[in-house]
Each structure stands twice: as C-alpha cells, then as structure tokens.
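>
Number of protein chains: 4
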Amino acid sequence: MSEPCFDIAHLAHVELLTNKFEQSLDFFTRVFGLTITEQDAQSAYLRAFDDYEHHSLKLTRSHTTGVAHIAYRATSEVALQRRVNAIEESRFKTLGWIEPGIGHGRAFRFEDPFDHVFEIYFDTVKYRPPETEKPKLKNIAQRYHGRGASPRRIDHLNLLAADVSEFQSFMETCLGSRVTEMIQLDNGRLGGCWFTVNNKTYDLACTEEHGGGNGRFHHVTYAVDQREDILRAADIFLENDVHIETGPHKHAIQGTFFLYVWEPAGNRVELANAGARLILAPDWQPIVWTEADRKKGQAWGLKTIETFHTHGTPPMKKEQ
Amino acid sequence: MSEPCFDIAHLAHVELLTNKFEQSLDFFTRVFGLTITEQDAQSAYLRAFDDYEHHSLKLTRSHTTGVAHIAYRATSEVALQRRVNAIEESRFKTLGWIEPGIGHGRAFRFEDPFDHVFEIYFDTVKYRPPETEKPKLKNIAQRYHGRGASPRRIDHLNLLAADVSEFQSFMETCLGSRVTEMIQLDNGRLGGCWFTVNNKTYDLACTEEHGGGNGRFHHVTYAVDQREDILRAADIFLENDVHIETGPHKHAIQGTFFLYVWEPAGNRVELANAGARLILAPDWQPIVWTEADRKKGQAWGLKTIETFHTHGTPPMKKEQ
Amino acid sequence: MSEPCFDIAHLAHVELLTNKFEQSLDFFTRVFGLTITEQDAQSAYLRAFDDYEHHSLKLTRSHTTGVAHIAYRATSEVALQRRVNAIEESRFKTLGWIEPGIGHGRAFRFEDPFDHVFEIYFDTVKYRPPETEKPKLKNIAQRYHGRGASPRRIDHLNLLAADVSEFQSFMETCLGSRVTEMIQLDNGRLGGCWFTVNNKTYDLACTEEHGGGNGRFHHVTYAVDQREDILRAADIFLENDVHIETGPHKHAIQGTFFLYVWEPAGNRVELANAGARLILAPDWQPIVWTEADRKKGQAWGLKTIETFHTHGTPPMKKEQ
Amino acid sequence: MSEPCFDIAHLAHVELLTNKFEQSLDFFTRVFGLTITEQDAQSAYLRAFDDYEHHSLKLTRSHTTGVAHIAYRATSEVALQRRVNAIEESRFKTLGWIEPGIGHGRAFRFEDPFDHVFEIYFDTVKYRPPETEKPKLKNIAQRYHGRGASPRRIDHLNLLAADVSEFQSFMETCLGSRVTEMIQLDNGRLGGCWFTVNNKTYDLACTEEHGGGNGRFHHVTYAVDQREDILRAADIFLENDVHIETGPHKHAIQGTFFLYVWEPAGNRVELANAGARLILAPDWQPIVWTEADRKKGQAWGLKTIETFHTHGTPPMKKEQ
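Those protein sequence lines, which keep their order, are chains A, B, C and D.
If you're matching positions, the first sequence starts at 5 in our numbering and goes up one per residue.
If you're matching positions, the second sequence starts at 5 in our numbering and goes up one per residue.
If you're matching positions, the third sequence starts at 5 in our numbering and goes up one per residue.
If you're matching positions, the fourth sequence starts at 5 in our numbering and goes up one per residue.
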C-alpha cells in the first residue's frame, strides 16, 4: 500500500557563507581539492571531480558564516511538481519558485522550522569539462587531478535544530526522506537523525542545537574513494595549517570513516568514506542509538571532542 | 512525463550450480568469507557479513555449473505487482508464481530470451544473527568476522547472451533497469551492457556469448569496502590454491577495482570495489565505449586475458 | 674515526608474563594472528608470519604481568663477543651466559639499571614451516594465513624507566644502539628516547616511569604491511571485546601509524605501520621534541589518552 | 669469523640522462612528485620529500638516455677508505677520486665490467628545506606536499648486464653487498640478482641484458608509504599521458607491490611498496627462483610484459 518515495534523486549542492572569502576559496580549491566551474563577484561555484552538475558547493562572500541554502535535485519534472504540491499542502513555510540561475533551472524554495532554506529543482546544468579538465576515462565527470584531498563527490551535510523530531517531520513531508539511523535521548527527545532520499546511507543529518542558535550549520561532507585518501588528506591538512578538529576515526553511527576540519572562516568540513555500505532494503528499519550506546564513543572508542557539540556556524556569541 | 522506474529495489541473490559441492562450499565459506545461514540436502544458503537478507548466494549441488536463477527484490508489494503486470504484458516468457520458500516469500519467475531464469519478490526473511554472530555495532547485519576475503555484500552478476540488445530490451521491460554503460561494436552490435535498478553503478552486466552457449553465466561479484581488501584477498587466494584469472586492476568500464578468480567448480567469482562512485543522476546518459576504446585495455592498460572472453559456466565442450 | 656500531642485528624476541595464560594465548593467536611454533607447560612460543626465527614472542604463565626478558640477535659470533666484552667492561650488571634453549643457542644476559633483563645471542633456530604452513612464495617465512590482525613481524617494544638518560647510556654502551628521536622535558630530563640498532626507525623506546614502579613494561609492537591492516584490525578487536586504548592515529614522534590495545591480562600491545620510512643516514642526528611540541598532541591532533601515561605492566597497586 | 660488511650505508643517488630534458623534468616534478633542490645548465638535482640528502636523482641533458652514474654513501670516512682499498685491490676498473661537487664531497669512482659508473662518498650535503618547504613534523626532511605521486624516498635501481654472475662478483667485492634473491636459469646462468647493503630487501637489481647492449639501464624506483599511493598514482599517470608499462601488481621476487612507467624520454621508472618487509637476518640465505617458478608469472599471476625483457635505456637500434 504505502510505497517509498522516489521523488527526490539526491542532495545537489550547498551554499556556504564565508567572511574570509579568499582564504576559504584557497582552502576549498588548493587544499581540499574542489574545482571552480564559474565565479562572479559574490560567489564561487565549486565541485568535486566526479560531481556531474555545475556545482555542489556555492561559496558566497558574507559578513558571517553558515549555510545559505541547501538544494536537492528531483528525479523528474513530474516528481518535482509532486513534491511542490506536498510542500504547499504542508504546514511548512514556502518561499516560492526562483528563476533559473547559475547552474540549474527554476527551483522551488521552502524552509524548515529552524530557518534553513531548502530548494528543489529538476532542470540542471551538467558539468562540461574544458579541454584541460577532460578525463581519460569517459565515465567520470572531470579528470582525476589529484590536487589536495581531491574528493570524488559531495556526500551529505549536517544541520542543527532545536527540535530534531520536528525537523524529521519536515524532511519526511517535504523531501520524502527516510530515516536510516537516529539517537534516542533518555529524556525522550531525539538527539540526532540521519536521512536519505536514495541508497546512500545518509545525505543529511540533523543534530540537536545546544547553543541556542537558529538556522545553524554543523558541517558539509565530501566522499573520497578510499579510507587511505582520508589518511593522506590528514597530512595535507597538517602541512597547510588547517585546523583538524577530530579524526580520522570510524563513526559508530553509519560506520563511516571520517575526518573533520574547519575551513579558514570556521565552517566545519568533513571527508568521509562509507566503504561499500549502502541502504538497499526498501523497508529499512531505523537503527536507534541510546545515550548508553553513545557513551562508548565512536566505533573504536574515540571520545567525541567537546567542540563537536558546541561549534556551529555562524558561531554563537559565547563561542566567539 | 516519463519517470524513472523504482519498482525494483536491488539484486537479491543468485543461485549457482556446482558439481563439486564440498569444495565450492569450502571456498565460499573459508576462503571467500561468506557465512552459511541455512543448509539442506541440496543447497547451502550463504551471505556476506552485511547482506541483510537470509542469503545472497544459494549454492546448489548439480551435475553441472552455472546459474540456476537470479532474484531481485521489489520496493513494495504494489511495485512487485506492477512489475508482474509489465512482464505478463511483454513478449518475454513467464514461469508464474512460486510458493514462499527458504529465505523469502512468494516470487514471480520469468525468463530472458537466453534461458536465464529470473525471479522477483517483495516479502523476505531478514537475517537474524545467532548470538555468536551478533555485531558490536548494531547497524551491520552480522559481526565483521574477518574470515577469508570477507566481502561486505553482493554486488552484481554478469550473464552471457547471444544478442545483448535483446537482453537490454528484456531488462528494461521486465525490471525497469537503466543502462549505465555499454560497448558499441564496430559491426553495430552491442558487445556488452551494464544495468542498474538503483544508485549502484550496475547490478547486472550482460556481455556477448562467443562460445555458442545458451543460459550461460560469466561471474558473480561481491563488494569489499576498500581496494586494500582486494589486494589482501589476492594473497589469500594465492595461499589457498585458488585460480586467479586476472587482476587486481581497475576496469575502464565503470572504474571498478577488480579481481577475478574461479571457484573450485569453475564458476567465475569477482571481488570489486567501486570507491564512492554512484549513479545519482536520474537522467544519466549511458556511457558508450567503442572497440577502439576497448583496445586500450583496462584503465591502467592491462590487456583482458583470453579466458575472460571464452570461459563461462557451464563450459562449452571445446573448452572442457 | 668513530664508526657506527653494527654488532647487533635486530630485536629478536620478547618474553611476556601473563596471569591469564589461556585468554592471552587465545588473543595472540586467534585475534592478533600470531602462530605457535612450540609450547611447553610454562610457555608458548609465537611468531608473526614473516618472523624468520623460532619465535618473537614467548608468552609465559605467571602470577603477574610484564616483561621477563628482551632478546637481540647479534650480527655474528665475533660481534656477539665484542658486545659481551663491552658489557662486561661497563658498569652495568651482567648475569652471564645461559645455555642453549628453545629457539636459540647460548645467550649472554645482562640488566638495565631498572631491572629489565636483556639477552644477546647469535646462534639461532630458524623457523621451518610444517607442510600446512608453507608459503606459496618462497621468500616469506610462513604462508600468509590472514588470521586475525596477522602482522608481518615484531617491530619494537617500549620500557619504562625512572631515569631515561641512564637508560640511554645503557643502550648505547651495551647494544651500541643509536638514538633516533627523543623528548626533552622543560625540567632538563629526558621524557623518552627511541633507539635502533639497524635501519628501522626504532626497535626499542624508553619512556619515563611515572608510577614509581621498576622493571615495568609499556608495550610490544608488531608491524603490519599497510595502514589499512590496522583499520581492519580495529574492527576485529572491536568484535572480539579487546580493549582498544587509543588509535588508530599517526604518531608525531617517528610518524608511525598506530593502534594500542590491551591483551586480556593487561599487557599493552601495538600494531604499527611506518610506511617506507627508514633511518638510512649513518650520521642521523636525533630529533628532539620539546614539551611544547608534545602539547600539540599526535600528528593529526589526537590528545594522548591518560592511561597511556599511567598504565604499565605489572600495574602499580593504585592502578589495580 | 667472517662478518657481514657494513661499510656502505645506502644507495644515495642516480644520474639519469634524457634527450627530452624539459619533458622529463616536468614529469619528475609535476607528475612523479619530486622536488628540485638545485639546477644548473646541464642538470637538475631532485629528491623525494623524505630523502635526507641534497638529491637522489640527478637529471642531465644529453643526446641519449640511460644512467650516467650510481652513487652510494659510506657509513663513515673510515669505511669509505676501506671500500676504496678493497676496490683498488680488486680486478675491477677504478676511475679515481672526483672533487667535491654539487650535493656531496669528494667521491671515489669505479666501473662494473659492463661500463656502469659507480661512486662512493661519505661527506654529504644534507637537504635544508627553504621556508616554504619546511615540514610541520620535524622528523621528515621536507613537508609532505602531496604533489603528483609524491614518493617518500629513492628505493633501488636495476641495471642490465651480459653476465649477472660477473656483476654479482663486482657488487660483493666493491660494495660489500649481500644477495637477497636471485634467478637461476636452466642453462646454469644467473638470470637476475638482487642486492642490498642494509636492511632494505634490495637497493640494486641486475638482470640479464638480452639486447646486446652495454652499460644499459632498466629502471630506477622510488618508494611510497602505502600500496594505495601506487593505485592513486596509476590514475595520475593515466590522466597525464604517461606510458604505464605494467602493474600495479605484486612481484613474486621480493614481494614488492609495483607500477612501471616510462618517463617522456623512455627511461623506465617504478613506484614500489615493500610493506613492512625487511631483511633483518644477518645470515640471510639468498632465495633462488627457477625458470619453472618464473613461468607462474608475478605473485598473483600477471605475466611479465614483453617490453620488460627488451626495453632498456638507451634503447638498442632494433627497438627504436
């Protein structure tokens, strides 16, 4: 009777704000290894070597940091319209259609209850590599350049919300996302929730906001092909004075191998590798982690570092 | 208007025939690292440590080798019925429903034009690990035992067909599969075709039968988390007198890191790692490889070994 | 004028005491992946798959834990005698020759000022694999069995001493060891010292005893071929209820990738990978790390866990 | 009685000739990942990031290709003089002392019977990184830059000789090298011989010249820390139009993981990883491989590619 929703194809891009634009752009290109597709006065449009669209990261000059908007691509125009209808019929706030812009066609914008702006679209601009970026193998979007950490593709992002259950309702209603794993706190509240719209183990995570902020951002993650790419990246970050917050280690939740750093403006960025793990079961039952589980630390015992619970962007005043 | 089909969730299991049952079973458990869920007089039901269903490989005693049937799981009962309707309305041969059996509920069987038997079902038996196999992390199906090559999950299989275009038509019609990559021969025929029903880059490949056989099997593949797991497995295969046919190397097509061996009865088995590569674009355009492309060998230049073009199971008389 | 000393070839074996013999032996064989060469009522003689001698670990039943003796092999009989002469002429305590025993010929025993017993010998028993353990490639000592963590060879050990400078004098005088790296404390004392007799970056480390003990042992380390072997081992330790103390991470000192666990009786055991790093310079100048350096944590920022500074074997009463 | 010789510390550098200097230099710096220490009209002096001396590769403009000289560093001035005496007393050709030059002090030159020029020296110039190349960890020679394949250090070279036994005699007499592995042909001749002066499994290999040349060069090899670095480098070579000759695969002889490419002028260059394998036994007995052994191919069955037996530099006329 009830069928899984397949209207949304995948997380498409994230717009990050930076108050240190030049340093952030240098980090994302030279050290992290993304490539600029296009740039205007306000923003640079970046992507990993196998991201097939025009960009997966829009980096925008600002007086602050954090996330400006999050975009998902629909599986078709028909599916897009179904989602728009569902959102408009819901209790969540809509912002209406925006005109086609750099990198994709018209998009429908809406907000979660914590002021994060989302958009969905189908019509897109696929990346066409210039001659110097053409790959030798025609099944990757761009040549493997090996510059910096050189991740393959955008993987997921993590947002902070004062009420994770409410955020879950938003994701299920508006995007048709499925919950793959969650943290159930002893006080009955959800501590975190991991969502996916496809076979990836997650494309968005939401964890509880502890700093009293609103619309805050925790991190964005790019996927590398091998765990060794993360170990190698750790040396690159070390040599380039990038703040390594925690890792490399393996998450207990989702089992992903991870490394967290802060880009120069303070936005947290992760490199991750999920191995061959996918959510293939159409009737996957969410994995529920308790506080007792969480006290064991990460998969191999690493204790979660304090800043991981407190630092988000933009930072709260007390953190600054 | 036209929307991608999401009726089928994933490749579920493959039934392999062996005329050396004990040796084959020893290989698949002790050396390859699968685990037996259940066994009866005729068959052993096996799975990789993170396969969530009762089995992904049914190994059956026989006077011959090759594949007995291929099973896919539907995304819902409704989707299953849609597929059955589509198959029944097609020109392809149906075999009707089979009763619930070991590992899953009722299934609908049908055939491709080259006598390979397929089945689809939704109702399944999820793996429940006995006490000794319970994982320390609750998000994997079974503990990581580290025995033999210990792959994570079934990945794909490869069948031989005299007419790959006809096989393509079968896959699109019956399973709603999408073509992700293909080989276009100079003579206008398709040399091979790679299919998927989800975000995996492929779950089934079909390559041209050169030996005059029918219903033949080329290989079944399990996915490991890292390329290093494949290099390590190569040493394990070497030490256990397993015939290593070719690899480790990287496929040009699909970019997968691979290693091919023959299990004791002669069925070809692959270990593979796709890194973080997924097909996320809902409107992915098939990559077309020409004969000229293929002449360059695999990604890093390895020439495809002759037996790869000739050996299938059951073997043709001339090969025996 | 002064030439480097080449009298000692390499660290040969370590004798560990355990008050939980059966559990320790199960750990070292099934989980850690060593192989028993021989066993008598008191001890089991174990080695890694490519250790070329009879044993690199002697595991001995005892009422306590810690190290019973440490053995190095000389480069020749002549070199052995030179070392014995040097030791006898020194101020360090000699225990004299012991008769040929299990695994090697006569050995000369002596003590460091902190009651750790050392021995040196040249005449040895090389491992001869039984039929079932013969490798397919004749240049490794034993087949690659892939059981548990399956390290390749013994790498180094770490001892605790109340006066690291005094220990340094002992190592230089008795073994002709070179210092490759050291920790210089702000109070003028040495906090730790890393020694080698060959091209390995170190075969023995000595760190300051903070618990008031004497003759205590910090850890013994085996080398794996790849960092991925350590990540894989972490999952094996997790699944087998082995206490993972810290890691995997990369040491700042020596740059080694590491993972520390406690075997069931409490002796600390490390898996390590040094990559291609060797000390090839015959006039290598010791690297000196300050307290300020150490405060940065390990290479990628991991803070050293408290127990690493306090736990040794046998444990001090306050720790028990 | 007889003691191993420790007069020579390690392979120090190789001088390669190129008739495509600019292309070769671009390859070695941008793609292979070496760094230029110094450059003059005739030569560029290059090193890997953890080579501690001024250079490990001298790349010299020429009308041809191949090796101009091979340098080893002695363990002390005294040891150097012992070697010089031994060489002068031998039947091998001496070229006398050369004055201190770029990168090291005075060196003694001599020739093998096949016209390869060797030199030994002790006094050296250690690499002092400029500010931009200073590492964050003080125990590596230069920062880990991650550019191109970025190997850690020079590993070994391979020369061709019409009579490998005669070459063996040269190496034992002049350098005090030990043989670790060898190929014994059915015709009684040596097919190849692997030598070391320290704990590395080999620093020089000599294989039989099949093309009738003299003084020819087969390849020079740099070591990377992990096998994954080699897989990653394969993609970099592919994307940069570098001719990949064979690999990645594992050698049966010495068990090294390898990848062979040709730099633009045709000199063969290898990346290799030996894992944790070292020759620690002071009385190591050479491993002898027969023709029957060799027919099995490399460790995992790869057949040696034809050019590997025929291509050397400078090429023979028939090859050109």
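Note that CB positions come from ideal geometry on N, CA and C, so glycine has one too.
No experiment lies behind these values; they were computed from the predicted model shown.
1. If you check the beta carbons only, do Asn1 (chain A) and Asp127 (chain A) fall under 7 Å apart?
2. Straight-line CA distance for Gln188 (chain D) to Glu310 (chain D)?
3. Measure the beta-carbon distance from Asp207 (chain D) to His14 (chain D) and round it to whole angstroms, keeping in mind my assumption that it falls under 8 Å.
4. List the whole-angstrom C-beta distance separating Asp11 (chain D) from Thr79 (chain D), where the pair is believed to meet the contact cut-off of C-beta under 8 Å.
5. Quick check on Glu213 (chain D): does DSSP put it in helix, strand or coil?
6. Just tell me which of D:Thr308, D:Asp297, D:Ala285 and D:Lys299 has its CA closest to the CA of Glu7 (chain D).
7. Does the count of Cβ pairs from the region 272-282 of chain C and the region 293-300 of chain C closer than 8 Å reach three?
8. Are the beta-carbon atoms of Val18 (chain C) and Val246 (chain C) separated by less than 7 Å?
9. If I measure Cβ to Cβ from Met175 (chain C) and keep anything under 6 Å in the same chain, skipping five residues before and after, which residues do I get?
10. Starting from Arg3 (chain B) and walking both ways along the beta strand (DSSP E), at which residues does that stretch end?
11. Just checking: is the beta-carbon of Ala256 (chain A) within a distance shorter than 7 Å of some beta-carbon in chain C?
12. Can you pull out the residues from the region 108-142 of chain C whose beta carbon lies closer than 7 Å to at least one beta carbon of chain D?
13. What in chain B is Cβ-close to Ala330 (chain D), meaning under 9 Å?
14. Apply the 10 Å Cβ neighbour rule to Asp44 (chain D) and answer buried if 16 or more other Cβ atoms are within range, or exposed otherwise.
15. In chain D, which residues lie less than 7 Å from Pro286 (chain C) when you measure between Cβ atoms?
16. Given that Tyr148 (chain B) touches chain C, what residues does it touch there, using C-beta distances under 9 Å?
17. Could you round the C-beta distance between Gly107 (chain C) and Glu57 (chain C) to whole angstroms and report it? I think they count as a contact, below 8 Å.
18. Run through DSSP, which three-state label would Ser60 (chain B) get?
19. Just reading off the alpha helix (DSSP H) that Met175 (chain A) is part of, what are its end residues?
20. Sort D:Leu164, D:Arg156 and D:Ser154 by Cα distance to His222 (chain D) and report the nearest one.
21. Mind the definition here: the region 138-149 of chain A touches the region 36-55 of chain A only if three or more C-beta pairs lie below 8 Å; say whether that holds.
22. Can the beta-carbon of Ala111 (chain B) be found less than 7 Å from the beta-carbon of Glu123 (chain B)?
23. Can a CB atom of chain D be found closer than 7 Å to the CB of Glu249 (chain A)?
24. Closest to Thr250 (chain D) by CA distance: which of D:Phe312, D:Met186 and D:Glu232 is it?
25. Name, in chain order, the residues that DSSP records as bridge partners for Phe262 (chain C).
26. Give me the DSSP bridge partner(s) of Cys197 (chain A).
27. Looking only at its own chain, which residues have a Cβ that is under 7 Å from the Cβ of Asn244 (chain A), when we skip the five neighbours before and after it?
28. Considering only the beta carbon of each residue, do Ala83 (chain C) and Arg156 (chain C) sit closer than 7 Å?
29. When DSSP labels each residue in this structure, what does Gln324 (chain B) get in the three-state scheme?
30. Spatial neighbours of Gly196 (chain B) within its chain, please: C-beta separation below 7 Å, excluding the five flanking residues on both sides.
31. Please report whether the beta-carbon of Glu232 (chain C) lies at a distance below 7 Å from any beta-carbon of chain B.
32. Sorted by chain position, which residues of the same chain lie with C-beta nearer than 6 Å to Thr317 (chain D)'s C-beta, five sequence neighbours on each side aside?
33. I believe Tyr131 (chain A) touches Gly109 (chain A) by the beta-carbon criterion, under 8 Å. Please report the beta-carbon distance rounded to the nearest angstrom.
34. Could you give the distance in angstroms between the alpha-carbon of Pro319 (chain A) and the alpha-carbon of Lys307 (chain C)?
35. Applying the 10 Å Cβ sphere with the 16-neighbour rule, what's the burial state of Val201 (chain A)?
36. I'd like to know if Gly279 (chain D) contacts chain C, where contact means its C-beta is closer than 7 Å to some C-beta of that chain.
On the basis of the supplied data:
1. Lying outside 5 to 324, the shown extent of chain A, residue 1 (chain A) is not represented and no answer is given.
2. Going from the Cα of Gln188 (chain D) to the Cα of Glu310 (chain D) covers about 20 Å.
3. In this structure, Asp207 (chain D) and His14 (chain D) form a Cβ contact; the two beta carbons are roughly 7 Å apart against a cut-off of 8 Å.
4. Separation of the CB atoms of Asp11 (chain D) and Thr79 (chain D) is rounded to 6 Å, and the pair is thereby assigned contact status at 8 Å.
5. Coil, per DSSP.
6. The shortest C-alpha separation from Glu7 (chain D) is found at D:Ala285.
7. Cβ pair count under 8 Å is below three, so no.
8. Contact: no.
9. Excluding residues within five positions, the ones whose Cβ falls inside 6 Å are Ser181 and Phe199.
10. Nothing can be reported for residue 3 (chain B): it is not among the residues displayed for chain B, which extend from 5 to 324.
11. Not closer than 7 Å to any Cβ of chain C, the Cβ of Ala256 (chain A) fails to qualify, so no.
12. With the criterion set as a beta carbon lying under 7 Å from some beta carbon of chain D, the members of the region 108-142 of chain C are Leu141 and Lys142, in sequence order.
13. With chain D represented from 5 up to 324, any question about residue 330 (chain D) goes unanswered, as that position is not in the structure.
14. The residue is exposed, with fewer than 16 neighbouring Cβ atoms inside 10 Å.
15. Taking the beta carbon of Pro286 (chain C) as reference, the chain D residues within 7 Å of it are Ala13, Thr79 and Ser80, listed in sequence order.
16. The answer, in chain order, is Arg236, Asp239, Ile240, Leu242 and Glu243.
17. Separation of the CB atoms of Gly107 (chain C) and Glu57 (chain C) is rounded to 7 Å, and the pair is thereby assigned contact status at 8 Å.
18. Note: Ser60 (chain B) maps to coil in three-state DSSP.
19. Under the DSSP assignment, Met175 (chain A) falls in the alpha helix (DSSP H) whose first and last residues are Val168 to Leu179.
20. If we check each option's Cα against that of His222 (chain D), D:Leu164 comes out closest.
21. Segments in contact, yes.
22. Contact: yes.
23. When Cβ-Cβ separations below 7 Å define contact, Glu249 (chain A) makes no contact with chain D.
24. For the residues D:Phe312, D:Met186 and D:Glu232, the minimum Cα distance to Thr250 (chain D) belongs to D:Phe312.
25. As DSSP reads the structure, Phe262 (chain C) sits in a beta bridge with C:His253 and C:Ala276.
26. DSSP output for Cys197 (chain A) lists A:Met186 and A:Cys210 as bridge partner(s).
27. Val35, listed in sequence order.
28. Not a contact, by the Cβ cut-off of 7 Å.
29. Confidence at Gln324 (chain B) is low in this model, with a pLDDT of 49, below 50, so the placement of that residue is unreliable and no value is reported for it.
30. These residues qualify, in order along the chain: Val168, Met186, Ile187, Ala209, Cys210, Thr211 and Glu212.
31. At least one CB of chain B lies nearer than 7 Å to the CB of Glu232 (chain C).
32. Excluding residues within five positions, the ones whose Cβ falls inside 6 Å are Thr69, Gly70, Phe221, Gly270 and Asn271.
33. About 15 Å separates the two Cβ atoms, so there is no contact after all.
34. For the pair Pro319 (chain A) and Lys307 (chain C), the Cα-to-Cα distance works out to about 24 Å.
35. Val201 (chain A) comes out buried.
36. So, interface residue.
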